[in-house]
Amino acid sequence: MTLHITKKFEFSASHRLSGLAEGHQCARLHGHNYVVELELSADVTELTPTGFVRDYGELAPFKAWLDQTLDHRHLNDLVDNNPTAENLAVWLFERWSKEFPELTSVRISETPKTWAEYRP
153 MTLHITKKFE FSASHRLSGL AEGHQCARLH GHNYVVELEL SADVTELTPT
203 GFVRDYGELA PFKAWLDQTL DHRHLNDLVD NNPTAENLAV WLFERWSKEF
253 PELTSVRISE TPKTWAEYRP
């Protein structure tokens, strides 16, 4: 039996997307109030002695990094590829899965109605 935990984080940033049709709104410089959800999972036999998948407090380095690295920044200056929500989810997963081996998915929202999820 697998257990999953999720924690939500937020940051604000700007970006512009390349490769879109002329006049597409996302090709212009614009910003979002992003929501990031990290999902961590473990088999019930792999829980910590306390009974956690991972203590939520141990995710504090991610929050600090997000605030320092992404919050109120221009994402095109930070990521190597087009900073779509999809690419950001992959980028964050690859960056943090070594630190959090229980990480099973990263979800990113640019608006309250849209989500992208990377679940390898």
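Basically the numbering used here = 1-based index in the sequence shown + 152.
Beta carbons are placed, not taken as given, at the ideal position from N, Cα and C, and that holds for glycine.
Bear in mind the structure is a predicted one, so any value in this text is a computation, not a measurement.
Task: For Glu210, the nearest candidate out of Glu251, Leu240, His156 (CA to CA) - done: Your numbering for residue 210 matches position 58 in the sequence shown. Of Glu251, Leu240, His156, the residue nearest in Cα terms is Glu251.
Task: C-alpha gap between Thr256 and Glu191, whole angstroms - done: Position 104 of the sequence shown holds residue 256. Position 39 of the sequence shown holds residue 191. When rounded, the distance between both Cα atoms is 6 angstroms.
- [ ] Identify every residue that forms a DSSP beta bridge with Thr158.
- [x] Taking the sequence shown and counting its residues from 1, one reaches residue 158 at position 6. According to DSSP, Thr158 bridges with Glu191.
- [ ] Hey, could you find the ends of the beta strand (DSSP E) Val258 is sitting in?
- [x] By one-based count along the sequence shown, residue 258 stands at place 106. Where Val258 is concerned, the enclosing beta strand (DSSP E) stretches over 255–263.
- [ ] Give a yes or no on whether the C-beta atoms belonging to Ala165 and Arg247 are separated by under 9 angstroms.
- [x] As a working mapping, residue 165 is identified with position 13 in the sequence shown. As a working mapping, residue 247 is identified with position 95 in the sequence shown. No, these two residues do not count as a Cβ contact at 9 angstroms.
Open item on the list: Tell me the rounded alpha-carbon separation between Leu199 and Arg206.
Closed with: Locating residue 199 in the sequence shown gives position 47, counting from the first residue. Locating residue 206 in the sequence shown gives position 54, counting from the first residue. Leu199 and Arg206: Cα-Cα distance of roughly 8 angstroms.
- [ ] Would you decide whether Ser170 is buried or exposed? Buried here means 16 or more other CB atoms lie within 10 Å of its CB.
- [x] The count along the sequence shown starts at 1 and reaches residue 170 at position 18. Looking at its Cβ environment, which holds fewer than 16 other Cβ atoms inside 10 Å, Ser170 is exposed.
Task: Three-way DSSP call (helix, strand, coil) for Thr266 in this model - done: Position 114 of the sequence shown, counting from 1, holds the residue named residue 266. The answer is strand: DSSP assigns Thr266 an E or B state.
Task: Contacts around Leu222, its chain only, beta-carbon distance under 6 angstroms, and the 5 residues preceding and following it disregarded - done: By 1-based counting over the sequence shown, the position of residue 222 is 70. Contacts found: Phe163, Ala165.
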